[in-house]
Each structure stands twice: as C-alpha cells, then as structure tokens.
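Note that the working numbering numbers the sequence shown so that position 103 is 110, with each residue one more than the last.
Each residue gets a CB set at the ideal place from its N, CA and C atoms; glycine is no exception.
Note that the structure is predicted; figures quoted are calculated from it, not measured.
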Amino acid sequence: MIEMERKFIVDKEEVANIIRNKEGKAIIQAYLTESTEISVRVRKKGDKGFLTIKGKSEGIRRVEFEYEIPAQDVEQMLAAMPLPRVEKTRYEVEYAGKCWEIDWFHGENEGLVLAEVELTHEAESIAIPPWVSKEVSNDARYFNQYLAFHPFKTWANR
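Spelled out as structure tokens, the structure:
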C-alpha cells in the first residue's frame, strides 16, 4: 500500500479548544530500526496492536504495510525490550471534508503537537485549517521514528 500524507505543526492553544470535548486514543509505539531506509514499529492503539513496516519517504509518499497483531504481544515487547518509543494521544478532527489526525505527544516529546492528513493522490488539493502553522511533511525530524530516537525535548532549536 502507498501512504500519502502531509504533516503540520499546529497552534496548540487553538487545537486544545477544538479537541477539548473529543475523546482521543492513546498510542504507544516502539521502533525496531533507526534506518532512514525503512521503519519497523510495533504500536498499541487503544486496545489493538499493530506491526507496521514503512519504506523510505519519497516526498509525501512511501510504501506502508500494517498488520494487526495481539495487543498483548505489543505489551510484552514494550515490557521486555528497551525499544525507543513515542507516546501520544490521537484525536480525529473533520475539516473541509478531510479527516485530520492531531497527535498530542507525551513523555520525551511533550510540547509537540502535529496534525496529519491522508491524501488520495500526491497532487490532491486540500483546505488548510486556520489552526495549522507550518508544514513539516518533508522534515524527517518530525517523523515518529526520528522522535523515538531523538526526542523533541532534546532539540536545541525547537
């Protein structure tokens, strides 16, 4: 499968007001690789577990394979192995006919809030919400895999 998404930094105060009454899903994901060529992760999202393999990004697109696995397996991997991880709460917000996923990061990435939107094709035109401040789709520092190994709190120039 090909994943095409754009990623943005958002205005935290505006987004906090938008998600105030929404229920988010807790996500913990851990990475088995630090390569820029491939991303392999396990994720617990709510009460479900997933194994995801992503290829190298080419602009806003990359190959992605995701498989549901027992959530208990993910929990055991997280407990047994010192895997770099990302913790966040994901909220879904509809804007101009698109579902925007807002990730509010916790732990070592506290202070970072990002929004992603999936596209059906690379040239798809989308309406940008007023709470979006900067696009970071092609900035690898904002990829979850990078954040697992180089947490936002450690960045000198944020």
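Looking only at DSSP bridge pairs, what is M84 linked to?
Note: M84 sits in no beta bridge, so no partner.
Which residues does DSSP list as the beta-bridge partners of V139?
Residue pairing by DSSP puts V139 in a beta bridge opposite V17.
Taking the alpha-carbon positions, what's the L121 to V17 distance?
In a straight line, the C-alpha of L121 is about 6 Å away from that of V17.
How is the beta strand (DSSP E) around F112 delimited, first residue to last?
Judged by DSSP secondary structure, F112 falls within the beta strand (DSSP E) whose first and last residues are 105–112.
Go ahead and pull the three-state DSSP assignment for F57.
Three-state DSSP puts F57 in a strand.
Whole-angstrom distance between V139 and A87, CA atom to CA atom:
Rounded to the nearest whole angstrom, the C-alpha separation of A87 and V139 is 38 Å.
Which one of Q83, E10, R92 has the shortest CA to CA distance from S64?
The alpha carbon of S64 has as its nearest neighbour, out of Q83, E10, R92, the alpha carbon of E10.
Along the beta strand (DSSP E) that carries F72, what are the first and last residues, could you check?
Segment 68–76, the beta strand (DSSP E) holding F72.
Find out if the Cβ-Cβ distance for the pair E75, G56 is shorter than 9 Å.
Yes. Within cutoff.
Could you have a look at K29 and say whether DSSP puts it in helix, strand or coil?
Reduced to three states, the DSSP call for K29 is coil.
Kindly indicate which three-state DSSP category L99 falls into: helix, strand or coil?
For clarity, residue 99 is Glu in the given sequence; the question names Leu instead. Here DSSP, grouped into helix, strand and coil, assigns E99 to strand.
Suppose the cutoff is 8 Å on Cβ atoms and the five residues either side in sequence are ignored; what does the same chain contact list for T96 look like?
Apart from the 5 residues on each side of it in sequence, T96 sits with its Cβ closer than 8 Å to the Cβ of G31, K32, A33, I34, D110, W111, H113 in its chain, given in chain order.
F156 and E44 closer than 9 Å at C-beta
No, the Cβ-Cβ distance between F156 and E44 is not below 9 Å.
Does the segment 101–108 touch the segment 140–160, meaning 3 or more C-beta pairs lie closer than 8 Å?
Touching, no, given that fewer than three Cβ pairs across the two stretches are closer than 8 Å.
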